[in-house]
Each structure stands twice: as structure tokens, then as C-alpha cells.
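J.: Sending over a structure as C-alpha cells; questions will come in a sec.
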Amino acid sequence: MQMNLVPSVAHSYYAPKLISMKKETFWLTEIKTKGRTEEEIKKDIINLSYLFHEQEPRTGEATQFKTIVSVWDDISSEEDIARLHYEMKPTFLRAGLMLGEFFSSCEKRGLRNSNFYPLRSPIPLLVVREMLEFDVVFLSDSIEYVKEYIHKYGDRGLNAIKHMLNQNKKIGLNDEQVAVLKSYLMYQ
Numbered sequence: 060m061q062m063n064l065v066p067s068v069a070h071s072y073y074a075p076k077l078i079s080m081k082k083e084t085f086w087l088t089e090i091k092t093k094g095r096t097e098e099e100i101k102k103d104i105i106n107l108s109y110l111f112h113e114q115e116p117r118t119g120e121a122t123q124f125k126t127i128v129s130v131w132d133d134i135s136s137e138e139d140i141a142r143l144h145y146e147m148k149p150t151f152l153r154a155g156l157m158l159g160e161f162f163s164s165c166e167k168r169g170l171r172n173s174n175f176y177p178l179r180s181p182i183p184l185l186v187v188r189e190m191l192e193f194d195v196v197f198l199s200d201s202i203e204y205v206k207e208y209i210h211k212y213g214d215r216g217l218n219a220i221k222h223m224l225n226q227n228k229k230i231g232l233n234d235e236q237v238a239v240l241k242s243y244l245m246y247q
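Residue numbering for the sequence shown follows this note's numbering, beginning at 60 and increasing consecutively.
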């Protein structure tokens, strides 16, 4: 399936003034699910990674502002978007990217406010963006995720984890996430 990326309208009155929109590095696409196999749908999700890397800028700090939002308005259940996210996330991490899931009942809480649910959206979405150094907070659920983070950031990433744990800067980390990070460091 050919996917078209549609640049956002950065100057619309209703559009948020996001940096990625101002820099014209914010794209929308739609992935249809009706009448398609799971394999076809997963190929489209993987294709988002390739599309992301094809878009300018391709190198340098400006890549951190690139965002692709895929809209899933015909998906049969929110559990499906959560499952697809879970299954496809490792593929994106290996490519140095983050894959975020958004849907109306998403239970992931904000880092600084446990009463805030930043990933809730009335329309299911999968969002692709560059993995950033701070993202270790979102990857600390799994040793495998942390390994992909370290693969991208190397010693800088290790130092970021150590600093976060040593300075008691466990922003939004629960005890299990702290244990994952400590466990990873123990075997380095």
C-alpha cells in the first residue's frame, strides 16, 4: 500500500504551535484496517519508520522535531492499537525511533502528574518520532528497550541512567522501572 504523508497546516488558527509544525516536520497519514490482513497492516506500520527516515532533515539535531502521526479511525478496538503498538515498538526502537500509542482509554500517566493521561485521544493514533536522550524514562519497562536506548546513545546514555538514579531524579519512574535500570547497570 502506498502511504501519502500530508504536511500539517502550520498556520491554521486551530493548529497548536508545535515546533515540528513550525519547522514543517510534522506529517499526517492514515492507515486503514478494514478488509486487510494483520500482515498488511504491520507492513504499513513498519513503512512509517522508512518514511520517517526519508523525510528531511535526515541528520543533526533538527531530526528531533520530526513527527509522523498515523490516524486509525476505522480500527475495530482500542485493544488492537495497544497490541499493535506493543508488538511493533521493538522494530522502531532498533531504528532509533519512538512509537507512541494514543487512544481514548490509554492508562499511561504523565511523568509529573499521575492524574494526567497525555496519551488519550478520541481517535486512535500511532506517532513516530526520534528517540531522545530523555526517553529512557519511557523505555525503562524492559531490559530490551533499555538495550536499544544504549545502542543509540552509548556511554552518554549510560551516564544519563546513572545520573538519574544517583541524583534521585526518578521522574515518573515506579519501583519496577528503577529495578530494570539498576539491573541493566549491574551487568555493564
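Cβ coordinates follow ideal geometry from the N, Cα and C atoms, glycine included.
If we count the other Cβ atoms within 10 Å of its Cβ and call it buried at 16 or more, is aspartate 103 buried or exposed?
T.: Residue numbering aside, residue 103 sits at position 44 when the sequence shown is read from its first letter. Buried, because 16 or more other Cβ atoms sit within 10 Å of the Cβ of aspartate 103.
J.: What is the residue span of the beta strand (DSSP E) that isoleucine 202 lies within?
T.: Mapped onto the sequence shown, residue 202 falls at position 143. It is not in any beta strand (DSSP E) - isoleucine 202 instead sits in the alpha helix (DSSP H) that spans 202 to 225.
J.: Starting from the N-terminal side, write out each stretch of the beta strand (DSSP E) that is 3 residues or longer and does not extend beyond the segment 112 to 187.
T.: List check, beta strand (DSSP E) in window: 126 to 130, 156 to 161.
J.: Could you name the residues that DSSP lists as bridge partners for phenylalanine 193?
T.: Position 134 of the sequence shown, counted from the start, is the residue given in the question as residue 193. Phenylalanine 193 is not bridged to any residue.
J.: Assuming the contact rule is C-beta atoms closer than 8 Å, isoleucine 90 and tryptophan 131 should be a hit. Round their C-beta distance to whole Å, please.
T.: In the sequence shown, residue 90 corresponds to position 31, counting from 1. In the sequence shown, residue 131 corresponds to position 72, counting from 1. Rounded, the Cβ-Cβ distance is 6 Å, consistent with contact.
J.: Where does the unbroken alpha helix (DSSP H) through glutamate 235 begin, and where does it stop?
T.: Counting from 1 along the sequence shown, the entry for residue 235 is found at position 176. That run of the alpha helix (DSSP H) goes 234 to 245.
J.: With DSSP collapsed to three states, give me the class of glutamate 83.
T.: On the sequence shown, residue 83 is found 24 positions in, with the first residue counted as 1. Coil, per DSSP.
J.: For lysine 148, which residues in the same chain have their Cβ closer than 6 Å to its Cβ, ignoring the five residues on either side in sequence?
T.: Numbered from its first residue, the sequence shown carries residue 148 at position 89. Result list for lysine 148: Leu158, in chain order.
J.: Using 10 angstroms around the beta-carbon of glycine 169, count the other beta-carbons present and answer buried if the total reaches 16, otherwise exposed.
T.: Indexing the sequence shown from 1 puts residue 169 at position 110. Exposed, since its Cβ has fewer than 16 Cβ neighbours within 10 Å.
J.: For phenylalanine 111, is the classification buried or exposed, using 16 other Cβ atoms within 10 angstroms of its Cβ as the cut-off for buried?
T.: In the sequence shown, residue 111 corresponds to position 52, counting from 1. Label assigned to phenylalanine 111: buried.
J.: Using the Cα positions of arginine 142 and glutamate 160, report the straight-line distance between them to the nearest angstrom.
T.: Here residue 142 refers to the residue found at position 83 of the sequence shown. Here residue 160 refers to the residue found at position 101 of the sequence shown. C-alpha separation (whole angstroms): 10 Å.
J.: Should the segment 221 to 237 be regarded as contacting the segment 194 to 202, the criterion being three or more beta carbon pairs within less than 8 Å?
T.: Yes, since at least three Cβ pairs between the segment 221 to 237 and the segment 194 to 202 fall closer than 8 Å, the two stretches touch.
J.: Does the distance from the C-beta atom of leucine 107 to that of serine 129 stay below 8 Å?
T.: Locating residue 107 in the sequence shown gives position 48, where the first residue counts as 1. Locating residue 129 in the sequence shown gives position 70, where the first residue counts as 1. For leucine 107 and serine 129, yes; Cβs fall inside 8 Å.
J.: Tell me whether lysine 221 is buried or exposed, calling it buried when 16 or more other Cβ atoms sit within 10 Å of its Cβ.
T.: By one-based count along the sequence shown, residue 221 stands at place 162. Flag for lysine 221 reads exposed.
J.: Is the closest heavy atom of the ligand COA to the C-beta of alanine 121 under 7 Å?
T.: Ligands are entirely absent from the displayed structure, and the ligand COA is therefore not among its contents.
J.: Pull the bridge partners of threonine 88 from the DSSP assignment, please.
T.: Indexing the sequence shown from 1 puts residue 88 at position 29. The partner list for threonine 88 (beta bridge, DSSP) reads Ser129.
J.: Using a Cβ-Cβ cutoff of less than 7 Å, which residues in the same chain neighbour serine 242 once the five nearest sequence positions on both sides are dropped?
T.: Here residue 242 refers to the residue found at position 183 of the sequence shown. If we look at serine 242 and ignore the five residues flanking it on each side, its Cβ neighbours are Ile202.
J.: Tell me the DSSP secondary structure of valine 68 in three-state form.
T.: Position 9 of the sequence shown holds residue 68. Residue confidence for valine 68 is low, a pLDDT of 42 falling below 50, so the modelled location carries little weight; the figure read from the coordinates is stated next. Looking at valine 68 - three-state DSSP - the assignment turns out to be coil, as it is neither helix nor strand.
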